[in-house]
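Undergrad: Counting along the sequence shown from 1, when you hit position 92 you're at 92 in the UniProt record's numbering, and nothing is skipped either side. Before I ask anything, here is the structure I am working with.
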Amino acid sequence: MRRISDARLIKQYIKKHNIEQKFGCEILKYAQLHFYEKQEYILESGENLEYYYLLVDGKIKIYYPFENGKSMLLKFYKDFNTIGDVELLKDMPILCNIDAVEDTYLIAIPASILREKNFNNIKLLHHLVDSLREKLYGTINNSSYNFVYPLSNRLASYLVEQLTDEDYIISKYMVFPKSCVTYNLCNQS
1 MRRISDARLI KQYIKKHNIE QKFGCEILKY AQLHFYEKQE YILESGENLE
51 YYYLLVDGKI KIYYPFENGK SMLLKFYKDF NTIGDVELLK DMPILCNIDA
101 VEDTYLIAIP ASILREKNFN NIKLLHHLVD SLREKLYGTI NNSSYNFVYP
151 LSNRLASYLV EQLTDEDYII SKYMVFPKSC VTYNLCNQS
């Protein structure tokens, strides 16, 4: 993780995602911009929540680790989203692991400041309720999808989410790097 000291860039993200209207100006004085490289850990299960994160650019993967070493993929997030809603409200350890799937920018607001000074901020509380509502709705949809559709559909959906480079072609049966596709459809006789 790198802290990015670029006031112009953080203001650009705040404006792009209407963050000031969602949180108010008071909270944003504490905002920092963090950068995570592709495949870098953002949060690890069991740690304390140091920052409440706002995903402003990039893609992240959220998965639940089991005691036997296995994990269950819960969700991919791209575009604007928040990380740490439940942990912020309940002041509890982080439940899930979160990795950057591609280079990712997050606005980080210290969780301690939000808890101490901003839990009476109506905009923040409305935002937290909306965020939790959207995540609950998404979890219900994913659970329904996993229950109703066969493994082949779920695997295809997972592969499409995992592919972030434009250097791949998805055919009916396989995923190929574009460099492996050597035939020319235009010159077939």
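For each residue, glycine too, the CB sits at the ideal point set by N, CA and C. From a predicted model like this one, the values you see are computed outputs, not experimental measurements.
Hey, ILE4 and LEU33: beta-carbon distance below 7 Å or not?
TA: Taking the first residue of the sequence shown as 1, we reach residue 4 at position 4. Taking the first residue of the sequence shown as 1, we reach residue 33 at position 33. For ILE4 and LEU33, yes; Cβs fall inside 7 Å.
Undergrad: Would you check if the distance between the CB atom of ASN97 and the CB atom of SER45 is smaller than 7 Å?
TA: The residue given as residue 97 occupies position 97 in the sequence shown. The residue given as residue 45 occupies position 45 in the sequence shown. Taking 7 Å as the Cβ cut-off, ASN97 and SER45 qualify as a contacting pair.
Undergrad: Check whether the region 48-68 and the region 92-111 are in contact - that is, three or more C-beta pairs closer than 8 Å.
TA: yes
Undergrad: Which runs of the alpha helix (DSSP H) fall wholly inside the region 74-152 and span at least 4 residues, in chain order?
TA: 85-90, 111-117 and 122-148
Undergrad: So ILE10 and ILE107 are supposed to be a Cβ contact under 8 Å. How far apart are they, rounded?
TA: In the sequence shown, residue 10 corresponds to position 10, counting from 1. In the sequence shown, residue 107 corresponds to position 107, counting from 1. That belief holds up - the Cβ atoms of ILE10 and ILE107 are roughly 7 Å apart, short of 8 Å.
Undergrad: Apart from the five residues just before and just after MET72, which ones in its own chain have a Cβ nearer than 8 Å to its Cβ?
TA: Indexing the sequence shown from 1 puts residue 72 at position 72. The residues are TYR63, TYR64 and PHE66.
Undergrad: Could you please give me the residues that DSSP links to LEU55 through a beta bridge?
TA: One-based indexing of the sequence shown puts residue 55 at position 55. DSSP output for LEU55 lists ASN81 and LEU106 as bridge partner(s).
Undergrad: Can you say whether TYR137 is buried or exposed, counting buried as having 16 or more other CB atoms within 10 angstroms of its CB?
TA: For the purposes of this step, residue 137 is identified with residue 137 of the sequence shown, where counting begins at 1. It counts as exposed.
Undergrad: At the level of alpha carbons, what is the spacing between ASN39 and TYR30?
TA: Here the question's residue 39 lines up with position 39 in the sequence shown. Here the question's residue 30 lines up with position 30 in the sequence shown. Here the sequence assigns Gln to residue 39, which means Asn is not the residue at that position. About 27 Å.
Undergrad: Residues in the same chain with beta-carbon distance under 6 Å from GLU87, minus the five sequence neighbours each way, listed in chain order, please.
TA: For the purposes of this step, residue 87 is identified with residue 87 of the sequence shown, where counting begins at 1. Counting only Cβ-Cβ distances below 6 Å, and skipping sequence neighbours, we find LEU49 and ILE94.
Undergrad: By how many angstroms is the C-alpha of THR104 removed from the C-alpha of ASP79?
TA: The residue given as residue 79 occupies position 79 in the sequence shown. The residue given as residue 104 occupies position 104 in the sequence shown. In a straight line, the C-alpha of ASP79 is about 10 Å away from that of THR104.
Undergrad: Quick one: measure Cβ to Cβ for LEU55 and ILE19, integer angstroms, because I've assumed they're closer than 8 Å.
TA: As a first step, residue 55 is located in the sequence shown; it is residue number 55 there, counting from the start. As a first step, residue 19 is located in the sequence shown; it is residue number 19 there, counting from the start. Actually they do not touch by this definition, with Cβ atoms about 11 Å apart.
Undergrad: State the start and end residues of the unbroken beta strand (DSSP E) segment that holds TYR41.
TA: One-based indexing of the sequence shown puts residue 41 at position 41. Its beta strand (DSSP E) spans residues 41-43.
Undergrad: Do PHE23 and LYS90 have their CB atoms nearer than 7 Å?
TA: Numbered from its first residue, the sequence shown carries residue 23 at position 23. Numbered from its first residue, the sequence shown carries residue 90 at position 90. Their beta carbons are not under 7 Å apart, which means PHE23 does not touch LYS90 by this criterion.
Undergrad: Under the rule that 16 or more other beta-carbon atoms within 10 Å means buried, what is HIS126, buried or exposed?
TA: The residue labelled residue 126 in the question sits at position 126 within the sequence shown. Its Cβ having fewer than 16 others within 10 Å, HIS126 is exposed.
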